[in-house]
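Enquirer:
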Amino acid sequence: MLGDLHFVRPQWLWALLAVPLLALWWYRRRGNAAWTKQVDPHLLPHLVAPASRRSGLGRVLLGLSIFALAVLALAGPGWRQQEQPVWQEAAPLVIALDLSSATLAEDLQPSRLLQARAAIDRILQQRAGGEVALVVFAGGAHTVAPLTGDAGNVRLFLDALAPDIMPTEGSRPERAIEWAVQLLEQAGFDRGEVLLLTHDAGPAARRAASAAARKGHRVSVLGLGTAVGAPYRDAAGRLGTTRMEAGALQALASAGGGRFIALADGDPAGVLQASPGTGGERGGRGQVSLRSDQGYWLLLPLMLLAALAFRRGALLPLLALAVCLPLLPGPARAADGGLWKRADQEAYERALGAVDAYRSGEHERAARAWEQLPGADAAYNRGNALARAGKLEEALAAYDEALALEPAMEDAIVNRDIVRQALQQQPPTPGQGEPEAGGDGDDEGEAEDAQGGRGDGREPPGEDPQESPAGDATNADQAEGADAGSREPGEQPPETTDPDAQRQADQALREQMQQALAQEESAGDAPEAEAAAVEEAERRAAADAWLRRIPDDPGGLLRARFRLEHERRRSQGAD
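With positions in the sequence shown counted from 1, the corresponding number in my numbering is that position plus 829.
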């Protein structure tokens, strides 16, 4: 057990050096009390009782023991190991694809190039996390996509990869390995994976792979082609023959500490599996052994020693401090409007809920929501909702409340007068204590309710006038009011004493008004909409014609970029 003992936080053990220093300080201070200097030395043994000396020594030993145990507990002693689940991020991967003319050979159907693209796509799909980059090479190496955590971004370039985008002919895998190592080092990675897709490799490539392995980067190879080989044509149209040199590729992978798999013989993703004796390069969940902190067991003897110290009076000041800590005053706040939102944000959300209820026809719920909001605007909108719900007397009280807060509110004055007229024209209903809303008065009230709807830009508290839900709700009423007010003054709908018939007549009148408004709007907007549709169709046709004139060359951007890079390197003498 002692052999397994360790400390999770061993730096705390430096504090144990204070134990002998404290003991030495106490020993030197024991005989230097001020009163001892006033007494003859030969009389001191008779004045100080032996029990008092033993008591002082006991207190010192008790305090040093408490201090030492506390330090050991803070150091985190442990003698057990616990398995903890962890996520192991995949090592960064640089894929280097050979884009020499030999990749056009068809010993892999339909061609080496198409098979290589498909293999890279499968690798990127199956890769679990980690950054990835794409490099292509022929006579020189170029970066298609730098290291990124978005594998989908790399996959976008696969269809544009072809030998004709490379500025120089040839196959130089050593340059691809050196360029991949440079990308990893520039990104700050001291460990990575280089996957080379090619058909052959020479001594220079093996030396580059060995150098990469010494820096901590593993080089694996995915072989393109077959041992039989196939003919191909280079950029100049000359006919040549190529085959996969499995022995050379195997030697290259061994020099780089990686694996070699022929694309025709196995799963391309298998080349990235961990080799024996190496760490896993694919991300995933794993287990790691962690030393557990067993220092809490030292709390038991600490509590016993603390009880002894308390009995001797040493811990009384600490106990008093612990009792006083809860009595400290808390921080003062002006208001607690909520855990996550301010008061104005909560008010705005309630206003939005009221507007939604108003637009969906739930006028009573909208009125209850407006009742929870302060201000003249809220009272005015509550009056509109109550008038829509047929509660004219309550609507009149709401308008009065709005005018009491803001006497100059013209919309509230107009709507209040309309509701008052509707109450006066409302015929009594037998068997009911309060009158029903009359046909003309109710409709006029509804029309003026929206006509007086906050067209002047009054909004819910704390919101911009252009985005207020209240303005939207009341502006909708304004349109209805305009239509309803177009009737002749003497034209009255037939009155009825049946409440159900009255409500049905009101509903039918509202539907007729809405249909008339919709027809007027559609009739006014039809010519403009037709002209806009024709103009949009013409713009689309012109854009399609312009796009058809652009040549379909997905690799054109890469070709131009690689050519500029090649010229710059050649001018600098680096290529």
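Don't be surprised by glycine CBs; every beta carbon is placed ideally from N, CA and C.
Assuming residue 900 and residue 925 are in contact, meaning their beta carbons sit under 8 Å apart, how far apart are those beta carbons, in whole angstroms?
Expert: Not quite, the Cβ-Cβ distance comes to about 55 Å (not below 8 Å), so this is no contact.
Enquirer: Only counting the same chain, and skipping five residues up and downstream in sequence, which positions put a Cβ closer than 6 Å to that of residue 996?
Expert: These residues qualify, in order along the chain: 1391, 1392, 1395.
Enquirer: Give the straight-line distance between the Cα atoms of residue 891 and residue 852, rounded to the nearest whole angstrom.
Expert: Cα to Cα, residue 891 sits roughly 11 Å from residue 852.
Enquirer: What does residue 1061 pair with, by DSSP beta-bridge criteria?
Expert: 1069, per the DSSP bridge assignment.
Enquirer: Can you grab the Cα-Cα spacing for the pair residue 1209 / residue 1191, in whole Å?
Expert: Residue 1209 and residue 1191: Cα-Cα distance of roughly 17 Å.
Enquirer: Go ahead and label residue 1302 buried or exposed: buried means 16 or more other beta carbons lie within 10 angstroms of its beta carbon, across all protein chains shown.
Expert: Because the pLDDT of residue 1302 is 41, which lies under 50, any placement of that residue in the model is unreliable, and the number read from its coordinates should be weighed accordingly. Buried, because 16 or more other Cβ atoms sit within 10 Å of the Cβ of residue 1302.
Enquirer: Could you tell me whether the stretch 1034-1047 touches the stretch 1081-1098, using the rule of 3 or more Cβ pairs below 8 Å?
Expert: Verdict: yes, contact present.
Enquirer: Could you check if residue 1238 is buried or exposed, using at least 16 other CB atoms within 10 Å of its CB as the buried criterion?
Expert: Residue 1238 should be labelled buried.
Enquirer: From residue 1304 to residue 1367, what distance separates their C-alpha atoms?
Expert: For residue 1304, the predicted model reports a pLDDT of 42, less than 50, meaning its position is unreliable; a value from the coordinates is still stated below. Each residue's alpha carbon lies about 36 Å from the other.
Enquirer: Is residue 1206 buried or exposed, if buried means 16 or more other CB atoms sit within 10 Å of its CB?
Expert: By the 10 Å Cβ count, residue 1206 comes out buried.
Enquirer: What did DSSP end up calling residue 986 once you bin it into helix, strand or coil?
Expert: Here residue 986 sits in coil by DSSP.
Enquirer: Is residue 898 near residue 1131, with beta carbons less than 8 Å apart?
Expert: Yes, these two residues count as a Cβ contact at 8 Å.
Enquirer: Exposed or buried, residue 946, counting other C-beta atoms within 10 Å across all chains shown (16 or more means buried)?
Expert: Buried is the call here.
Enquirer: Have a look at 1189, 1194, 1226, 1200 and flag the residue whose alpha-carbon is nearest the alpha-carbon of residue 1176.
Expert: Ranking 1189, 1194, 1226, 1200 by Cα distance to residue 1176 puts 1200 first.
Enquirer: Between which two residues does the alpha helix (DSSP H) holding residue 1078 run?
Expert: 1075-1084 is the extent of the alpha helix (DSSP H) around residue 1078.
Enquirer: From residue 1046 to residue 919, what does the alpha carbon distance come to, in whole angstroms?
Expert: Approximately 13 Å between the Cα atoms of the pair.
Enquirer: Got a sec, what are the start and stop residues for the beta strand (DSSP E) residue 1049 sits in?
Expert: Start and end: 1046-1052.
Enquirer: Once the 5 residues before and after residue 1008 are set aside, which same chain residues still bring their CB inside 7 Å of it?
Expert: For residue 1008, where only same-chain residues beyond five positions count, the Cβ hits under 7 Å are 964, 970.
Enquirer: Along the chain, where does the beta strand (DSSP E) containing residue 837 start, and where does it finish?
Expert: Taken as a continuous stretch (DSSP letters only), residue 837 belongs to no beta strand (DSSP E), as it is neither H nor E.
Enquirer: Nearest-angstrom Cα distance between residue 1101 and residue 1049?
Expert: Between residue 1101 and residue 1049, the C-alpha separation is close to 7 Å.
Enquirer: Check residue 1090 in the structure and name its three-state DSSP category.
Expert: Here residue 1090 sits in strand by DSSP.
Enquirer: Once DSSP output is grouped into helix, strand and coil, what is the label at residue 1021?
Expert: Here residue 1021 sits in strand by DSSP.
Enquirer: To the nearest angstrom, how far is the alpha carbon of residue 836 from that of residue 1124?
Expert: So the alpha carbons of these two residues sit roughly 9 Å apart.
Enquirer: Quick one: residues in its chain with C-beta nearer than 7 Å to the C-beta of residue 936, no 5 flanking neighbours on either side, listed in chain order?
Expert: Hits under 7 Å: 1054, 1055, 1057, 1058, 1059.
Enquirer: Applying the criterion that 16 or more other CB atoms from any shown protein chain within 10 Å of the CB defines a buried residue, is residue 929 buried or exposed?
Expert: Buried, since its Cβ has 16 or more Cβ neighbours within 10 Å.
Enquirer: Are the beta-carbon atoms of residue 1099 and residue 1073 separated by less than 8 Å?
Expert: No, these two residues do not count as a Cβ contact at 8 Å.
Enquirer: Quick one: Cα of residue 906 to Cα of residue 952, how far?
Expert: Approximately 46 Å, taken between the alpha carbons.
Enquirer: Which term fits residue 932, buried or exposed, when burial requires 16 or more other beta carbons within 10 angstroms of its beta carbon?
Expert: Buried is the call here.
Enquirer: I need the DSSP call for residue 1386, collapsed to helix, strand or coil.
Expert: Helix, per DSSP.
Enquirer: Pick out whichever of 983, 973, 934 has its Cα sitting closest to the Cα of residue 1064.
Expert: When only C-alpha atoms are compared, the closest one is 934.
Enquirer: Going by DSSP in three states, residue 1216 sits in which element: helix, strand or coil?
Expert: Helix, per DSSP.
Enquirer: Among 1378, 1062, 904, whose alpha-carbon lies nearest the alpha-carbon of residue 940?
Expert: Ranking 1378, 1062, 904 by Cα distance to residue 940 puts 1062 first.
Enquirer: According to DSSP, is residue 959 helix, strand or coil?
Expert: Three-state result, residue 959: coil.
Enquirer: Are residue 960 and residue 978 touching if we call contact CB-CB under 8 Å?
Expert: Yes; because the gap between Cβ atoms is below 8 Å, this pair is in contact.
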